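Going from the sequence shown to this note's numbering is simple: count from 1 and add 5.
Inspection log for the structure reproduced underneath, given as structure tokens.
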Amino acid sequence: MIYSDFNGQKLSKLGFGCMRFVTDPETGEIDQAKVNAMFDLAIKEGVNYFDTAYPYLNGKSELAMAEALSRYPRDSYYIADKFPGHSLNKPIDNIALFHVSLRKCRADYFDFYLLHNITEWSVKYYESEEYHIIPDIVQMKNEGYIKNLGFSFHGGPKLLEEFLTKYEGMFDFVQIQLNYLDWTLQDAKKKYEIIVNHGLGVWVMEPCRGGKLAVLPEEESAKLRALHSADGTDAVPSDASYAFRFLQDLPGVKMVLSGMNEVSQVEDNLRTFRQEWPLTEEERKVLMDIAENLKKGVPCTACRYCCDGCPIGLNIPYLLECYNDYKFAQTMTPSMRIDALEDEKRPAACIGCGQCKHACPQGIDVPAVLAELAEMYEKGPHWGEMIEARSKLIDEDIS
Ligand code: SF4
Ligand code: SF4
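In structure tokens:
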């Protein structure tokens, strides 16, 4: 196992994400025997980092992780959990909820604790004086319940830079969506650099983009297999292994989380992390080429030439980032980022004057793209609807 030295802690570079455990489709119960088997295999091969979050698997992930880890000494592994500020629709007793998570994890302290899912939309709740989240969580750290404090982040580079500058010295690490596709699609390269420049550790989530880089379209996967026949070794590396090796090559990356749900997946990941396995120049080139082919959006370079002349003052590159994200996969992230905008700044506010289309050096038909984006956004899913269910769970847990 490859390890990272992070502030004197020896962390397995492969961390076990606990958000994708297999559940019974009817009861929603987690297959605990399978979780135990996967943990046993991972721990035997040196994995010592386990990442959960209060809302994962409808509140059951923390319990399943704790059950599997209860068979090992507490000082033989690190656990990470997250505060669900993005799931609140009213102020709550934050400290009571924090202690609920500790109890569910059967822990006296968290080695790593994160503010969950900071975006342009959720940051206002995290920073709200009324919600009082940041001071309460910092208090938990000061009282010794948290060893390392961080946050997971799904917003853009501008917010990341502002947030880290504002809270300089408060956080130890930042968890971002990082993989060879989002390196350019979500400007993860810029976010990686911002975190490193602030002297913090980079934690990686979605290394295979929700599995999409683990099972590539046949014509893209064939390019990777062709590389393998060129290198002449026997075992055929999986598509996922290339995605993980891309991350191993980034020196600021201290932790790569994989949400494993099958023993075979654990075995494959362990093979990739057994020792340093740098990409060759050729392999890197092919991966970047695959990333370009997988993108289905528009080639906006965020030059902002279109912005000054927009009579509505829309943040066009921001909206096009959301569009590109939607085009790759219908996830919650772009929807949350549009939720963060006032109605008059959302894509539907575009009046179709066409100024931006003429200003754009990339020839992007911005009004047509914004019309499509408005339609995709309308269809949902919308975060506000999910929060209702989550806040019910929180109310029950802290009552
Ligand atoms: S077409 Fe829409 S986005 Fe472009 S300048 Fe006009 S109002 Fe702004
Ligand atoms: S001018 Fe074109 S490339 Fe530049 S920010 Fe606007 S849409 Fe993007």
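Quick reminder that beta carbons are idealized off the backbone N, C-alpha and C, glycines included.
Computed from a prediction, not measured in an experiment: that's the story for all the values here.
DSSP state of residue i mapped onto helix, strand, coil
i	result
Lys228	helix
Leu284	coil
Lys152	strand
Ile199	helix
His121	strand
Leu74	helix
Val207	strand
Val258	strand
Asp330	helix
Gly90	helix
Asp10	strand
Leu102	helix
Val128	helix
Ser66	helix
Phe176	coil
Leu107	helix
Thr28	strand
Ile3	The question about residue 3 has no answer, for the chain in this structure spans 6 to 404.
Ala379	helix
Gly22	strand
Lys15	strand
Gln182	strand
Tyr323	helix
Tyr83	strand
Ile35	strand
Supposed close pair residue i, residue j - CB separation, criterion 8 Å
i	j	result
Gly20	Tyr54	4 Å
Leu218	Ala193	That belief does not hold up - the Cβ atoms of Leu218 and Ala193 are roughly 13 Å apart, past 8 Å.
Tyr331	Leu378	7 Å
Leu74	Phe44	7 Å
Pro89	His121	5 Å
Ala296	Thr189	7 Å
Leu119	Phe156	5 Å
Leu229	Val291	7 Å
Leu284	Phe251	6 Å
Val209	Met260	7 Å
For residue j and residue i, the rounded distance between their alpha carbons
i	j	result
Pro304	Tyr328	11 Å
Ala373	Ala334	20 Å
Gly160	Ser226	30 Å
His387	Cys365	30 Å
Glu5	His203	In the structure displayed, the chain extends from 6 to 404; residue 5 sits before or after that span and is not available.
Tyr310	Asn12	43 Å
Met24	Gly264	6 Å
Val52	Glu347	44 Å
Ser63	Leu93	The residue asked about is misnamed: residue 63 is Asn in this sequence, not Ser. Their Cα atoms are separated by approximately 15 Å.
Leu255	Ser404	44 Å
Ile317	Gln360	11 Å
Ala58	Arg79	18 Å
Tyr130	His91	7 Å
Met70	Val105	15 Å
Lys300	Arg108	43 Å
Asp10	Glu390	41 Å
Glu211	Met175	25 Å
Leu169	Val207	13 Å
Pro30	Ile343	32 Å
Beta-carbon contacts of residue i that lie in its chain and below 8 Å, excluding the five residues immediately before and after
i	result
Ala376	Pro352, Cys355 and Gly357
Ala42	Val268
Asp370	Lys362
Thr336	Gly215 and Asp330
Glu393	Asn94
Ser66	Cys23, Met24, Phe26, Ile35, Thr57 and Ala58
Tyr82	Ile48, Asn53, Tyr54, Phe55 and Leu74
Asp402	Gly64, Leu102 and Val105
Same chain, Cβ closer than 7 Å to residue i, five either side skipped, listed in chain order
i	result
His233	Val241 and Pro242
Val220	Asp244
Ala112	Ile84
Own chain partners of residue i with C-beta closer than 6 Å, once the 5 adjacent residues on each side are dropped
i	result
Gln367	Pro304
Cys213	Ala219, Ala245 and Ala248
Within 7 Å of ligand 1: residues by beta-carbon to any heavy atom: Cys311, Gly314, Cys315, Pro316, Ile317, Leu319, Ile321, Cys355, Ile356, Gly357, Cys358, Gly359, Gln360, Cys361, Lys362, Val371, Pro372 and Leu375
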